[in-house]
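Undergrad: Per mature numbering (1 follows the signal peptide of the UniProt record, and there is no 0): the sequence shown = residues -21 to -1, 1 to 133. Idealized CB from N, CA, C, for every residue including glycine. Mind having a look at this structure? Questions to follow.
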Amino acid sequence: MSNLKLISILGLTLVSFLTQANEADNWYLQTSVYTMHFNPAPEHNNNQKLIGLEYRDELNRIAGGATFRNSFNQRSNYAYAGKRFDSEQSPFYLKVTGGFIQGYRGEYKDKIPLNRYGAAPAIIPSAGLKVGKIGGEVVLLGNSALMINLGVYL
(Lines of atoms letter the chains of each structure in order from A and count residues from 1; the text may use other names and numbers.)
(Lines give C-alpha, C1' and ligand atoms only; values in the text may rest on other atoms or scores of the structure.)
Protein backbone atom coordinates (compact mmCIF):
# COMPACT_ATOMS: atom_id res chain seq x y z
CA MET A 1 0.00 0.00 0.00
CA SER A 2 1.54 3.30 -1.04
CA ASN A 3 1.73 6.29 1.27
CA LEU A 4 -0.67 8.14 -1.02
CA LYS A 5 -3.29 5.38 -0.69
CA LEU A 6 -2.83 5.29 3.09
CA ILE A 7 -3.19 9.07 3.35
CA SER A 8 -6.27 8.96 1.10
CA ILE A 9 -7.94 6.30 3.25
CA LEU A 10 -7.14 8.27 6.41
CA GLY A 11 -8.44 11.48 4.85
CA LEU A 12 -11.72 9.91 3.78
CA THR A 13 -12.19 8.40 7.24
CA LEU A 14 -11.61 11.76 8.91
CA VAL A 15 -13.95 13.54 6.49
CA SER A 16 -16.71 11.03 7.26
CA PHE A 17 -16.36 11.83 10.96
CA LEU A 18 -16.18 15.59 10.33
CA THR A 19 -19.48 15.61 8.51
CA GLN A 20 -21.06 14.63 11.84
CA ALA A 21 -19.10 17.21 13.85
CA ASN A 22 -20.51 19.22 16.75
CA GLU A 23 -19.21 21.11 19.78
CA ALA A 24 -18.09 17.92 21.59
CA ASP A 25 -15.53 16.97 18.92
CA ASN A 26 -11.85 16.74 19.83
CA TRP A 27 -8.54 16.60 18.01
CA TYR A 28 -5.50 15.06 19.70
CA LEU A 29 -1.93 15.61 18.50
CA GLN A 30 0.58 13.20 20.03
CA THR A 31 4.19 12.07 19.96
CA SER A 32 6.11 9.15 21.43
CA VAL A 33 8.43 9.79 24.37
CA TYR A 34 9.50 6.30 25.47
CA THR A 35 9.49 2.76 24.08
CA MET A 36 10.45 -0.47 25.81
CA HIS A 37 10.82 -3.73 23.88
CA PHE A 38 9.94 -6.82 25.90
CA ASN A 39 12.78 -8.83 24.31
CA PRO A 40 15.30 -6.14 23.37
CA ALA A 41 17.77 -6.76 20.55
CA PRO A 42 20.67 -4.58 19.39
CA GLU A 43 18.81 -3.85 16.13
CA HIS A 44 15.75 -2.43 17.93
CA ASN A 45 15.01 1.26 17.67
CA ASN A 46 13.54 2.69 20.90
CA ASN A 47 12.99 6.20 19.54
CA GLN A 48 9.91 5.90 17.35
CA LYS A 49 9.65 9.61 16.48
CA LEU A 50 5.89 9.14 16.28
CA ILE A 51 3.63 11.98 15.23
CA GLY A 52 -0.07 11.20 15.32
CA LEU A 53 -3.32 13.06 14.84
CA GLU A 54 -6.60 11.69 16.12
CA TYR A 55 -10.21 12.83 15.89
CA ARG A 56 -12.83 11.88 18.52
CA ASP A 57 -16.55 12.50 18.11
CA GLU A 58 -19.26 12.94 20.76
CA LEU A 59 -19.78 9.14 20.93
CA ASN A 60 -16.06 8.61 21.65
CA ARG A 61 -15.49 7.02 18.25
CA ILE A 62 -12.02 7.83 17.00
CA ALA A 63 -10.19 7.92 13.69
CA GLY A 64 -6.60 8.82 13.19
CA GLY A 65 -3.24 8.23 11.71
CA ALA A 66 0.36 8.22 12.78
CA THR A 67 3.74 8.15 11.15
CA PHE A 68 6.67 6.69 13.06
CA ARG A 69 9.96 4.81 12.90
CA ASN A 70 9.28 1.13 13.53
CA SER A 71 11.44 -1.13 15.69
CA PHE A 72 13.85 -1.50 12.76
CA ASN A 73 14.08 2.25 12.05
CA GLN A 74 11.91 2.10 8.92
CA ARG A 75 9.39 4.89 8.28
CA SER A 76 5.95 3.36 8.92
CA ASN A 77 2.34 4.52 9.08
CA TYR A 78 -0.77 3.46 10.99
CA ALA A 79 -4.29 4.43 9.87
CA TYR A 80 -7.04 3.45 12.28
CA ALA A 81 -10.50 3.78 13.76
CA GLY A 82 -11.57 2.80 17.24
CA LYS A 83 -13.33 3.65 20.47
CA ARG A 84 -12.37 5.44 23.66
CA PHE A 85 -13.94 4.45 26.98
CA ASP A 86 -13.88 7.32 29.48
CA SER A 87 -14.25 6.95 33.24
CA GLU A 88 -16.96 9.08 34.80
CA GLN A 89 -15.08 9.25 38.12
CA SER A 90 -11.52 9.98 36.98
CA PRO A 91 -9.43 11.44 34.15
CA PHE A 92 -8.38 7.93 33.05
CA TYR A 93 -9.66 6.13 29.96
CA LEU A 94 -9.14 3.00 27.90
CA LYS A 95 -8.87 2.98 24.13
CA VAL A 96 -8.74 0.33 21.44
CA THR A 97 -7.99 0.98 17.78
CA GLY A 98 -7.93 -1.21 14.72
CA GLY A 99 -6.43 -0.43 11.38
CA PHE A 100 -3.51 -1.08 9.09
CA ILE A 101 0.23 -0.66 9.61
CA GLN A 102 2.37 -0.04 6.55
CA GLY A 103 6.15 0.18 6.35
CA TYR A 104 7.74 -3.09 7.47
CA ARG A 105 9.91 -3.97 4.47
CA GLY A 106 12.78 -6.13 3.33
CA GLU A 107 14.23 -8.51 5.90
CA TYR A 108 11.77 -7.17 8.52
CA LYS A 109 8.63 -7.73 6.43
CA ASP A 110 7.60 -10.77 8.51
CA LYS A 111 8.13 -9.09 11.89
CA ILE A 112 4.42 -8.26 11.95
CA PRO A 113 1.81 -10.91 11.16
CA LEU A 114 -0.18 -10.87 7.90
CA ASN A 115 2.12 -8.35 6.20
CA ARG A 116 1.90 -10.12 2.86
CA TYR A 117 1.00 -7.08 0.72
CA GLY A 118 2.98 -4.36 2.49
CA ALA A 119 0.29 -3.50 5.04
CA ALA A 120 -0.86 -5.55 7.99
CA PRO A 121 -3.99 -5.39 10.14
CA ALA A 122 -3.43 -4.33 13.75
CA ILE A 123 -5.41 -3.97 16.95
CA ILE A 124 -3.76 -1.66 19.48
CA PRO A 125 -5.04 -1.20 23.05
CA SER A 126 -3.98 1.67 25.28
CA ALA A 127 -4.71 3.31 28.62
CA GLY A 128 -4.66 7.07 28.93
CA LEU A 129 -4.96 10.08 31.17
CA LYS A 130 -6.37 13.50 30.18
CA VAL A 131 -5.74 16.53 32.39
CA GLY A 132 -6.92 19.78 30.85
CA LYS A 133 -5.48 20.02 27.36
CA ILE A 134 -2.66 17.52 28.05
CA GLY A 135 -2.89 13.77 27.50
CA GLY A 136 -0.72 10.74 27.99
CA GLU A 137 -1.11 7.14 26.90
CA VAL A 138 0.54 3.80 27.58
CA VAL A 139 0.24 1.81 24.35
CA LEU A 140 0.64 -1.97 24.09
CA LEU A 141 2.25 -2.96 20.81
CA GLY A 142 1.30 -6.63 20.60
CA ASN A 143 3.72 -8.89 22.42
CA SER A 144 6.67 -6.78 21.26
CA ALA A 145 6.77 -3.48 23.10
CA LEU A 146 5.21 -0.82 25.29
CA MET A 147 5.20 2.82 24.21
CA ILE A 148 4.40 6.00 26.12
CA ASN A 149 2.91 8.91 24.18
CA LEU A 150 2.22 12.48 25.24
CA GLY A 151 -0.06 14.87 23.45
CA VAL A 152 -2.17 17.97 23.41
CA TYR A 153 -5.90 18.33 22.74
CA LEU A 154 -6.60 20.94 20.09
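Restricting to Cα atoms, I'd like to know which of T76, P70, F17 is closest to A60.
TA: Measuring from the Cα of A60, the nearest candidate turns out to be T76.
Undergrad: Can you tell me where the beta strand (DSSP E) holding I113 begins and where it ends?
TA: Unbroken beta strand (DSSP E) run through I113: 113 to 120.
Undergrad: Take the Cβ of G20 as the centre, count every other Cβ of all protein chains shown within 10 Å, and call the residue buried at 16 or more, exposed below.
TA: Residue identity check: residue 20 is Ala in the sequence provided, not Gly. Counting Cβ neighbours within 10 Å, A20 comes out exposed, since fewer than 16 surround it.
Undergrad: Which ranges would you report for the beta strand (DSSP E) in the region 57 to 85 if only whole runs of at least 3 residues count?
TA: Runs found: 71 to 81.
Undergrad: Tell me where the beta strand (DSSP E) around A101 begins and ends.
TA: Looking at the DSSP string, the run of the beta strand (DSSP E) that includes A101 is 98 to 110.
Undergrad: Rounded to the nearest angstrom, what separates G44 and I80 at their Cα positions?
TA: C-alpha separation (whole angstroms): 10 Å.
Undergrad: In the DSSP assignment, the beta strand (DSSP E) including A45 goes from what residue to what residue?
TA: First-last of the beta strand (DSSP E) with A45: 40 to 48.
Undergrad: Report buried or exposed for V131, applying the criterion of at least 16 other Cβ atoms within 10 angstroms of its Cβ.
TA: The residue is exposed, with fewer than 16 neighbouring Cβ atoms inside 10 Å.
Undergrad: Alpha carbon to alpha carbon, how far is P104 from N94? Give it in angstroms, no decimals.
TA: Looking at the two C-alpha atoms, the distance is approximately 20 Å.
Undergrad: Compute the Euclidean distance between the alpha carbons of N24 and E37, then round it to the nearest angstrom.
TA: The alpha-carbon atoms of N24 and E37 are separated by roughly 36 Å.
Undergrad: I need the boundaries of the beta strand (DSSP E) containing A124, first residue and last residue.
TA: Looking at the DSSP string, the run of the beta strand (DSSP E) that includes A124 is 124 to 132.
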